[in-house]
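Residue numbers (this note's numbering): 719 to 1173.
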């Protein structure tokens, strides 16, 4: 009787532990996705120990024999883990290479290398694959393709870690920016850089890098852009997070030694922590699913725009929401202007034309083209005046400026999707629109007409 009561108490305590450590149902995650990966690991370990304890209490043999078997079972697991971790401790094995999928957005050793100036960048001549959800306009997928269907996007990088099909010695036009320019989830031949090269019939260098902000982009211009002897530099400024990236870079650069060594120690190579990272990727499948919060951050395209009931998703994970600039962001704006002013000075000294391009958020482009539910968050969102502020400053600084909002909105009104439905980046059609807008600006300015191609 005593043993059974003890087992019941152990089971109740274990259940209470699982119940107490689950995150509130906030709409961001469902099921097992509501557990943080480290909490899940502790809970699984505690549950295993609880099962061993139940075995010791309820077994038919002597409790000493049962306890010895329980200790032996636990010891066998610990010895196995030690044997698995030993090669990593000796630097012979890096389990990231085994457990990390080869995605350009992750921090496996083949995806990101540390850099004392840029903090991080893609390794030279890297090649990765990224699985993304099939979109309504993706050929040859039918419009009624099942939800969650995946397609692969291949990323190839040049010797400097930028998304160019081959190493470049010279380029008449270079594109500077973040993941928009790099071409997140877009095939290489459909990126704005590739399409711009075909439109202008010149070599165009894609120097975009995901998660870069203005300070890193200035370094890219000096270190990798100007050696290509360009005639035109196109600098893309994303209104969604480029201001915040300024602060992130300063924080990271302030502790750059920690950043540089973060991926070199045993903790980065070991099996246990990398296995937890892999489990966390699995848990992502149970987060940001079709739930109430997702519905509140979505809006259906107007029937006169599309008749196939396409819903655009907004918010942090789907393309940034909208709000007035915060005092913190306003405080960062002068720093962004300093970076652009320095870029202008660098270009002027090399007799290179600078074109600053404002990249709008998906919500800014689609806010008047969607029907949002009455209780939705987009219904009360307001866009900021950052593009106007940037335009006024560029005019005063003598910098050519293009806001892509009008071009993208005009194309979106015709029906094709210029942004992904479940992400905030341009679709292949969006890249086409951007390439045409940039090509038109360069042609009108005549920047490539005089002087011929540089030797």
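C-beta atoms are modelled at their ideal positions from N, C-alpha and C, and glycine is treated no differently.
Three-state secondary structure (DSSP) of residue 1070: Of the three classes helix, strand and coil, the one that applies to residue 1070 here is coil, per DSSP.
Residue 1013 and residue 1134 closer than 8 angstroms at C-beta: Against a cut-off of 8 angstroms, the Cβ pair of residue 1134 and residue 1013 comes out as no contact.
Residue 1132 burial status per 10 Å Cβ neighbour count (16 or more: buried): That one is exposed.
Exposed unless 16 or more other CB atoms sit within 10 angstroms - verdict on residue 734: Exposed is the label assigned to residue 734, since fewer than 16 other Cβ atoms lie within 10 Å of its Cβ.
Span of the alpha helix (DSSP H) around residue 835: Taken as a continuous stretch (DSSP letters only), residue 835 belongs to no alpha helix (DSSP H), as it is neither H nor E.
Of the listed residues 892, 1144, 1022, 970, nearest to residue 915 (C-alpha basis): Of 892, 1144, 1022, 970, the residue nearest in Cα terms is 892.
Assigned secondary structure, residue 848 (DSSP; H/G/I helix, E/B strand, else coil): In the structure shown, residue 848 sits in a strand (DSSP, three-state: E or B).
Residue 950 versus residue 886 - alpha carbon distance: Residue 950 and residue 886 have their C-alpha atoms roughly 16 angstroms apart.
Neighbour-count burial assignment, residue 911, 16 or more Cβ in a 10 Å radius: By the Cβ neighbour-count rule, residue 911 is buried, with 16 or more other Cβ atoms within 10 Å of its own.
At least three beta-carbon pairs within less than 8 angstroms, the stretch 1102-1114 to the stretch 1075-1090: With three or more CB-CB distances shorter than 8 angstroms, the stretch 1102-1114 counts as touching the stretch 1075-1090.
Start-end ranges of the alpha helix (DSSP H) lying completely within the stretch 919-964, minimum 4 residues: Counting whole runs of 4 or more residues, the stretch 919-964 contains the alpha helix (DSSP H) stretches 932-938.
Proximity to residue 846 [Cα-Cα], best of 815, 833, 854, 837: Taking only the C-alpha atoms, the option nearest residue 846 is 815.
Residue 755 and residue 1001 closer than 8 angstroms at C-beta: The answer is yes: Cβ separation under 8 angstroms.
Beta strand (DSSP E) segment containing residue 1119, residue limits: Segment 1118-1121, the beta strand (DSSP E) holding residue 1119.
Own chain residues within Cβ distance below 8 angstroms of residue 875, not counting five before or after: Residues of the same chain with a CB within less than 8 angstroms of the CB of residue 875, apart from the 5 flanking positions on each side, are 840, 841, 842, 843, 844, 845, 881, 882 in chain order.
Residue 1085, DSSP secondary structure in three states: Three-state result, residue 1085: coil.
Beta-carbon contacts of residue 913 that lie in its chain and below 7 angstroms, excluding the five residues immediately before and after: Spatial neighbours of residue 913 in its own chain (CB-CB distance under 7 angstroms, excluding positions within 5 residues in sequence) are listed in chain order as 1149, 1150, 1153.
Residue 1141 versus residue 776: straight-line alpha-carbon distance, rounded: Rounded to the nearest whole angstrom, the CA to CA distance from residue 1141 to residue 776 is 53 angstroms.
For residue 810, three-class secondary structure by DSSP: In the structure shown, residue 810 adopts coil according to DSSP, grouped into three states.
Span of the alpha helix (DSSP H), counted from its first residue to its last, around residue 1163: Looking at the DSSP string, the run of the alpha helix (DSSP H) that includes residue 1163 is 1146-1163.
Residue 970 to residue 956 span [Cα, whole Å]: Distance between the alpha carbons of residue 970 and residue 956: 20 angstroms.
Nearest residue (CA-CA) to residue 938, options 928, 836, 920: Distance check between residue 938 and each of 928, 836, 920 places 836 closest, using alpha-carbon atoms only.
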